[in-house]
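What follows is a short report on a single structure.
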Amino acid sequence: MELLIILIGVLAIATVYSIGVAAAKPVQGSDFYKVSKDGRVLAAGRRKIHAVRPKVTPHGLQVKLRNGKRTGEFLVHHLVAEAHLPNPAGHSHVRHRDGNPRNNKVSNLVWIKAPVAELAAEEVTRPDDSAARDALRRPFEISISL
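Reminder that position 84 of the sequence shown reads as 84 in UniProt numbering, one-by-one numbering, no gaps.
Next up, the structure:
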């Protein structure tokens with residue numbers, strides 16, 4: 001009975017994973033790499049598909065991809081946006097709606113015409129705990145009244 005439960009769990013995980021792979025689109029200029037809507041970059045090997053491990057950089061998650069002898073490093077959010085987001089205005093930059101560079105889901109990305117640092121008018125939303133975090137960063141104030 002326990003073996004049956006474990007087998008059902010494994011099949012459920014495999015089904016969810018295969019749905020994510022089926023929804024993945026090829027990276028522009030490559031038949032070997034695919035990118036999913038949830039921000040995973042996948043490499044199709046001879047026998048299986050595996051996720052490419054991203055590197056954390058100040059600009060976001062970055063992956064190293066090869067095409068023959070050429071190698072390049074690409075930001076994951078740009079790969080996801082190029083594959084899954086329409087860009088009718090021809091913008092060249094991608095912004096994370098929640099400000100979290102590790103959240104590369106399609107629903108969190110939007111094409112913009114200028115880098116985020118230059119968009120002073122548009123505010124990047126942060127989680128509600130930012131006030132508490134800022135309070136911890138301030139030095140303690142002591143007031144003595146006589």
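For every residue, glycine included, the Cβ atom is placed at its ideal position computed from N, Cα and C.
List the whole-angstrom C-beta distance separating Ala-24 from Ser-36, where the pair is believed to meet the contact cut-off of C-beta under 8 angstroms.
The residue labelled residue 24 in the question sits at position 24 within the sequence shown. The residue labelled residue 36 in the question sits at position 36 within the sequence shown. Confirmed, about 4 angstroms.
Out of curiosity, what's the CA-to-CA distance linking Arg-53 and Leu-109?
Position 53 of the sequence shown, counted from the first residue, corresponds to residue 53. Position 109 of the sequence shown, counted from the first residue, corresponds to residue 109. Near 20 angstroms, if we compare the C-alpha coordinates of Leu-109 and Arg-53.
Can you pull the DSSP bridge partners for Gln-62?
Indexing the sequence shown from 1 puts residue 62 at position 62. Secondary-structure assignment with DSSP links Gln-62 through a beta bridge to Lys-55 and Leu-75.
With respect to the beta strand (DSSP E) encompassing Leu-42, which residues constitute its N-terminal and C-terminal limits?
Along the sequence shown, one-based indexing puts residue 42 at 42. Note, Leu-42: beta strand (DSSP E), 41-44.
Does DSSP classify Val-106 as helix, strand or coil?
Taking the sequence shown and counting its residues from 1, the one referred to as residue 106 is at position 106. Reduced to three states, the DSSP call for Val-106 is helix.
C-alpha gap between Lys-40 and Thr-71, whole angstroms:
Taking the first residue of the sequence shown as 1, we reach residue 40 at position 40. Taking the first residue of the sequence shown as 1, we reach residue 71 at position 71. Note that residue 40 corresponds to Arg in the displayed sequence, not to Lys. Those two C-alpha atoms are separated by around 19 angstroms.
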